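Participant: Numbering (the working numbering), first residue to last: 1 to 368.
Once you've had a glance at the structure underneath, I'll fire off some questions.
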Amino acid sequence: MTDRLQELSEAGVSIWLDDLSRERLETGNLSDLVNEDSVVGVTTNPSIFAAALSDGERYDEQVRELAAGGADVDEAIFVITTTDVRNACDVLRPVYDATNGVDGRVSIEVAPGLAFDTEGTSASAQELWKTVDRPNLFIKIPGTPEGWPAITETIGRGIDVNVTLIFGLEQYRNVMEAYVAGLEKAQEAGLDLSDIHSVASFFVSRVDTEIDKRLEESGADKSLFGRAGIANARLAYKAYEEFFSGPRWEKLAAAGANKQRPLWASTGVKNPDYKDTMYVVDLVVPNTVNTMPEKTLEAVKDHGDVEGDQVTTNYDDAEATMGSLAEAGIDYDDVIRVLIQEGVDKFVASWDELVGSVQEQLDKAGRE
């Protein structure tokens, strides 16, 4: 293992790769990352699958089989993506066993078009869970208001969930509430709470992108640029510490319940002026996950300075930063509203791209 990535892992941060492709699986690249670079999980989304399918010929044979069987584009996407995720689960299974189910996880997302459809999300989560049929799967459910009851329903059935597209603190509290309500439902159903795991994916870099844009437009002090994302995430961890304490949680913990770990998502730096490891090294704190694109993983491996807990020691600074942003005219609630809608729209656009790519390949296979 490389020293910096191992140090990050030893500091309590689970390193997950924000990428998956059949090429990674078939060449052994994913196995190498697990064995050599402390990678203990994988996340996927429609953008990742769209990129994987458009690059290379490793899907051709399966596409031809699907076309010959008369599969439509939705069926084809479902089969292709669940195949990759199932195989990735098998690669990560030893990690899952070694960590008692905490890591060794692979996430797959319900279709983005269901982000505002509670019943559709719940049904899709159950179908994905049944089809992949691996205990180390996470079903990604958007942290929208419509997603909250779907989270409760899914957790209540003993299905593990990665809640995605979380940007705001109040939104995050509602996500944690949905998880705990799901645990209570599972307990009532007689399920073993120790078997249920969840992470909450709190997005970081996109917060800076949106707030920096607004600061630029207002001519605000340059010292405020690039500080919102990390401050917001640090306050999310404070909310996590507060939420998973007290009598209600202690009762569930006594029954074996696991805390819903914060996962730092969108940790690739989008502004080239910023340190390319900032959303990793500045958010080091125990019992968290950081899911990184490979470029960020390589940057941390090469020059990421891991200096222990950078979160709980900086709550006051985070509060001060958010206060300064409010004084500069930043409407936090509006920022979060815009980011949630934009996040859903981006995933829908990526899904449409995926649909187009698979349909084109099905049509081509049908002509051969």
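Quick reminder that beta carbons are idealized off the backbone N, C-alpha and C, glycines included.
For clarity, every value in this text was computed on a predicted model and none was experimentally measured.
Under a three-way DSSP split, which group does Ile336 fall into?
Facilitator: Ile336 falls in the helix class under three-state DSSP.
Participant: Specify the secondary structure class of Met1 as computed by DSSP and reduced to three states.
Facilitator: Because Met1 sits at a pLDDT of 46, beneath the cut-off of 50, its placement in the model cannot be relied upon, and the following sentence gives the value as read from the coordinates. Met1: coil per DSSP, three-state reduction.
Participant: Per DSSP, which residues does Ile139 bridge with? Please list them.
Facilitator: In the DSSP output, where bridge partners are listed per residue, Ile139 has Ile108, Val161.
Participant: Per the DSSP calculation, Ile166 is bridged to which residue(s)?
Facilitator: Answer by DSSP bridge pairing, in chain order: Phe202.
Participant: Let me check one thing: in DSSP terms, what residues is Ala265 bridge-paired to?
Facilitator: Phe203, per the DSSP bridge assignment.
Participant: Taking the continuous alpha helix (DSSP H) assigned at Val300, which residues delimit it?
Facilitator: Val300 -> alpha helix (DSSP H) spans 294–303.
Participant: Since I believe Thr118 is in contact with Gly143 (beta carbons under 8 angstroms), could you give me their beta-carbon distance rounded to a whole number of angstroms?
Facilitator: Actually they are not in contact, since the Cβ atoms of Gly143 and Thr118 sit about 13 angstroms apart, beyond 8 angstroms.
Participant: Mind checking which residues open and close the alpha helix (DSSP H) that includes Ser31?
Facilitator: Unbroken alpha helix (DSSP H) run through Ser31: 29–36.
Participant: Taking the CB atoms as reference points, tell me whether Leu224 and Ser324 lie closer together than 8 angstroms.
Facilitator: It is a contact, given that the beta carbons lie within the stated cut-off.
Participant: Decide if Asn45 is buried, meaning its Cβ has at least 16 other Cβ atoms within 10 Å, or exposed.
Facilitator: Burial call: buried.
Participant: Reducing DSSP to helix, strand and coil, say where Val13 ends up.
Facilitator: It is a strand residue.
Participant: With DSSP run on the structure shown, which of helix, strand or coil describes Val281?
Facilitator: Three-state result, Val281: helix.
Participant: Buried or exposed: where does Gln361 fall if 16 or more other Cβ atoms within 10 Å of its Cβ makes it buried?
Facilitator: Buried.
Participant: Please say whether Asn162 and Ser201 have beta carbons closer to each other than 8 angstroms?
Facilitator: Yes. Within cutoff.
Participant: So, for Gln6: in the same chain, excluding its five sequence neighbours on each side, which residues have a beta-carbon less than 7 angstroms away from its beta-carbon?
Facilitator: Cβ within range, chain order: Ser38.
Participant: One question on the structure: do Gly104 and Pro94 come within less than 8 angstroms of each other, judged by their Cβ atoms?
Facilitator: It is a contact, given that the beta carbons lie within the stated cut-off.
Participant: Near Ala186, which residues of its chain fall below 7 angstroms by C-beta distance, leaving aside the five closest residues on each side in sequence?
Facilitator: Answer for Ala186: Ile155, Gly156, Gly158, Leu193, Ile196, listed in chain order.
Participant: In the DSSP assignment, the beta strand (DSSP E) including Val40 goes from what residue to what residue?
Facilitator: Unbroken beta strand (DSSP E) run through Val40: 39–42.
Participant: Using beta-carbon positions only, say whether Arg4 and Val300 come within less than 8 angstroms of one another.
Facilitator: In contact: Arg4 and Val300 (Cβ atoms closer than 8 angstroms).
Participant: Kindly indicate the opening and closing residues of the alpha helix (DSSP H) around Arg248.
Facilitator: Note, Arg248: alpha helix (DSSP H), 246–254.
Participant: Take Arg173 and list the residues in its own chain whose beta-carbon comes closer than 7 angstroms to its own, dropping the five residues that flank it on each side.
Facilitator: Answer for Arg173: Ala239, Phe243, listed in chain order.
Participant: Using a Cβ-Cβ cutoff of less than 7 angstroms, which residues in the same chain neighbour Val348 once the five nearest sequence positions on both sides are dropped?
Facilitator: Here the set comprises Pro112, Gly113.
Participant: Pick helix, strand or coil for Thr99, following the three-state DSSP scheme.
Facilitator: The answer is coil: DSSP assigns Thr99 none of H, G, I, E or B.
Participant: CB-CB under 6 angstroms to Glu298, same chain, minus the five flanking residues each way: which ones, in chain order?
Facilitator: Result list for Glu298: empty, nothing under 6 angstroms.
Participant: In whole angstroms, what is the alpha-carbon distance linking Thr82 and Val132?
Facilitator: Using only the alpha carbons, I get a separation of about 6 angstroms.
Participant: So which of Asp55, Ala255, Pro247, Ala233 has the shortest CA-CA distance to Met278?
Facilitator: Ranking the options by Cα distance to Met278, first place goes to Ala233.
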